[in-house]
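Undergrad: Sending over a structure as structure tokens; questions will come in a sec.
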Amino acid sequence: MPNLAQHTPVTSLMGNDLIQGPRPAAWWASPQGLLGSKVSKQSVIPHLLIFEGYSVCWVDGQFIRTHNFLDQRFGIDLRQQLEWFVEAMVEVDPAGLIRDVVAEPLLLQFWLTVLAYGAVAGVAPHEEALRTLAPGSLRRFVPFSVLDKLPELVNPVAHQAIKLGSSIGKNPSNYM
2 MPNLAQHTPV TSLMGNDLIQ GPRPAAWWAS PQGLLGSKVS KQSVIPHLLI
52 FEGYSVCWVD GQFIRTHNFL DQRFGIDLRQ QLEWFVEAMV EVDPAGLIRD
102 VVAEPLLLQF WLTVLAYGAV AGVAPHEEAL RTLAPGSLRR FVPFSVLDKL
152 PELVNPVAHQ AIKLGSSIGK NPSNYM
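Here the numbering used here is used: the first residue of the sequence shown is 2, the next is one more, and so on.
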């Protein structure tokens, strides 16, 4: 899954090793048996753009801003999304410690990406995969010395967003 990976300094066919190294895949859960011809049936892929720093969803061959996707697919308008983000920050970061490391506008985009992951997957990923989300997606935006601390620091945000997103994905009619 995009962003659910640690970057490593080895050759990449995509050329992203020039910046951060390739992304080894991380699974939502370990596969049982053979994978077959398809690895994923996911039709929507949320992604935090590494240069632009905003969240998009790859849907039907095109990028859609995540806040627009959530509005179009689930009827959750931007105002509601922002209210949920504010509530999440009050819940998981009342002292603002996360926002001392990750700027709030970027943290919002990270939160939207993870919220969309939860909504389209309907379940939370394995903890090991979830721990790679912050370092994989925020690597370009935070000091290198902080990367190893990001999972511990940002995982409460990721857990809250995945949980909320999963509830949206299971009950989309509640939000339309």
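The C-beta atom is built at its ideal place from N, Cα and C for all residues, glycine as well.
Using three-state DSSP, classify residue 57 as helix, strand or coil.
TA: Note: residue 57 maps to strand in three-state DSSP.
Undergrad: Where do the ends of the alpha helix (DSSP H) carrying residue 111 lie?
TA: It spans 105-122 - the alpha helix (DSSP H) in which residue 111 sits, taken as one unbroken run.
Undergrad: Quick one, are the C-beta atoms of residue 47 and residue 117 less than 9 Å apart?
TA: Yes; because the gap between Cβ atoms is below 9 Å, this pair is in contact.
Undergrad: Could you tell me the alpha carbon to alpha carbon distance between residue 163 and residue 121, rounded to whole angstroms?
TA: Approximately 10 Å, taken between the alpha carbons.
Undergrad: Taking the alpha carbon of residue 159 as the point to measure from, which residue in 141, 148, 130 has its own alpha carbon closest?
TA: Among 141, 148, 130, the Cα nearest to that of residue 159 is on 130.
Undergrad: From which residue to which residue does the beta strand (DSSP E) around residue 66 run?
TA: Unbroken beta strand (DSSP E) run through residue 66: 63-66.
Undergrad: So for residue 154, helix, strand or coil by DSSP?
TA: In the structure shown, residue 154 sits in a helix (DSSP, three-state: H, G or I).
Undergrad: Can you tell me the Cα-Cα spacing of residue 112 and residue 74, whole angstroms?
TA: For residue 112 and residue 74, the distance between alpha carbons rounds to 18 Å.
Undergrad: When you compare each of 98, 114, 84 to residue 150 by their alpha carbons, which one comes out closest?
TA: The shortest Cα separation from residue 150 among 98, 114, 84 belongs to 98.
Undergrad: Measuring CA to CA, which of 58, 147, 63, 72 is closest to residue 169?
TA: Of the candidates 58, 147, 63, 72, the one whose C-alpha sits nearest the C-alpha of residue 169 is 72.
Undergrad: For the region 137-153 and the region 88-98, state whether three or more C-beta atom pairs, one from each stretch, are separated by less than 8 Å.
TA: With a cut-off of 8 Å, the region 88-98 and the region 137-153 do not count as touching, because too few Cβ pairs lie within range.
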